[in-house]
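Below is one structure; the comments refer to it alone.
In my numbering, the protein residues as written are 69 to 308.
Below, the structure written as structure tokens:
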């Protein structure tokens, strides 16, 4: 299905499919101030015309949720929001390299095994994560020997990270490690690699969010120097 961008004086909304779904639409907000309820109506009308039966939003700050609540959106998921002030960053303890196009199929397999089904990304979602900021870094870790069978091929990849930056602000957009490789330092290495790249480019603050129930990810980020902020983000949804 097509994607489109709608604008209002305080920002923009991008609408399209959620993770490649034909039934679930995605409404992503980029705003200096919250949209109005009539603008949300405009987005919903467009999603209905495109044939979606429900819609899910991007992660919203508390002040951004009000016009959505006014239009009968409910909370789908609550997310921790963490920040890193870009000091005390350690060197990665595992080798990390640039991702290649041939890595994408095994990385999407890792992603599917690392997250609940609703949060899986496909090729389109991967491209969105890479294009979400003006500059991005796509890195992978792989172990030596062994490997996992992906289709007819064997992959030694164990995880990946997408890090983005916009001006002095950094974002850890996506981090996934194969379940069988958890608690071996791969995620910590990928986070450190991304933070060091951001630091070299003058970033002074980096943000990441994670599901409230994902305690393993929360502890990983804390060990990597992130601190919890006193607000949660929410993902909202509703039927159309």
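Every residue gets a Cβ at the ideal spot worked out from N, C-alpha and C, and that includes glycine. Please read these numbers as outputs of a predicted model, since none were measured by experiment.
Alpha helix (DSSP H) containing residue i: first to last residue?
{"i": "residue 206", "result": "Looking at the DSSP string, residue 206 is not in any alpha helix (DSSP H); the run it does join, the beta strand (DSSP E), is 203 to 210."}
{"i": "residue 252", "result": "Counting along the chain, residue 252 falls outside any alpha helix (DSSP H), and DSSP gives it neither H nor E."}
{"i": "residue 173", "result": "172 to 182"}
Keeping to the same chain, check which residues put their C-beta closer than 8 Å to that of residue i; ignore five residues upstream and five downstream.
{"i": "residue 126", "result": "94, 95, 96, 97 and 303"}
{"i": "residue 239", "result": "200, 201, 231, 232, 233, 274, 275 and 276"}
{"i": "residue 280", "result": "145, 146, 147, 148 and 300"}
Which residue marks the beginning of the beta strand (DSSP E) containing residue i, and which one marks its end?
{"i": "residue 73", "result": "72 to 76"}
{"i": "residue 85", "result": "79 to 85"}
{"i": "residue 192", "result": "Unbroken run through residue 192 is the alpha helix (DSSP H), 191 to 199; no beta strand (DSSP E)."}
{"i": "residue 133", "result": "No beta strand (DSSP E) contains residue 133, which DSSP labels as neither H nor E."}
Within 8 Å of any Cβ in chain B, is that where the Cβ of residue i sits?
{"i": "residue 194", "result": "Given the protein chain composition of this structure (a single chain), no chain B is represented."}
Tell me, which residues are paired with residue i by DSSP?
{"i": "residue 295", "result": "151"}
{"i": "residue 102", "result": "In DSSP, residue 102 forms no bridge with anything."}
{"i": "residue 229", "result": "207 and 243"}
{"i": "residue 166", "result": "207"}
{"i": "residue 282", "result": "Looking at the DSSP assignment, residue 282 forms no beta bridge with any residue, so it has no partner."}
{"i": "residue 92", "result": "122"}
{"i": "residue 237", "result": "234 and 273"}
Report all residues from its chain with a CB closer than 6 Å to the CB of residue i; omit the five preceding and five following residues, and keep chain order.
{"i": "residue 73", "result": "80 and 82"}
{"i": "residue 288", "result": "255"}
{"i": "residue 170", "result": "none"}
List the whole-angstrom C-beta distance separating residue i from residue j, where the pair is believed to meet the contact cut-off of C-beta under 8 Å.
{"i": "residue 236", "j": "residue 193", "result": "Actually they are not in contact, since the Cβ atoms of residue 236 and residue 193 sit about 27 Å apart, beyond 8 Å."}
{"i": "residue 253", "j": "residue 181", "result": "Their Cβ separation, rounded to whole angstroms, is 19 Å, which puts residue 253 and residue 181 out of contact at 8 Å."}
{"i": "residue 107", "j": "residue 76", "result": "5 Å"}
{"i": "residue 166", "j": "residue 207", "result": "6 Å"}
{"i": "residue 262", "j": "residue 205", "result": "6 Å"}
Skipping 5 residues on each side, what residues in its chain have a beta carbon closer than 7 Å to that of residue i?
{"i": "residue 243", "result": "229, 255, 258 and 259"}
{"i": "residue 100", "result": "78 and 79"}
{"i": "residue 267", "result": "154 and 157"}
{"i": "residue 298", "result": "none"}
{"i": "residue 295", "result": "150 and 151"}
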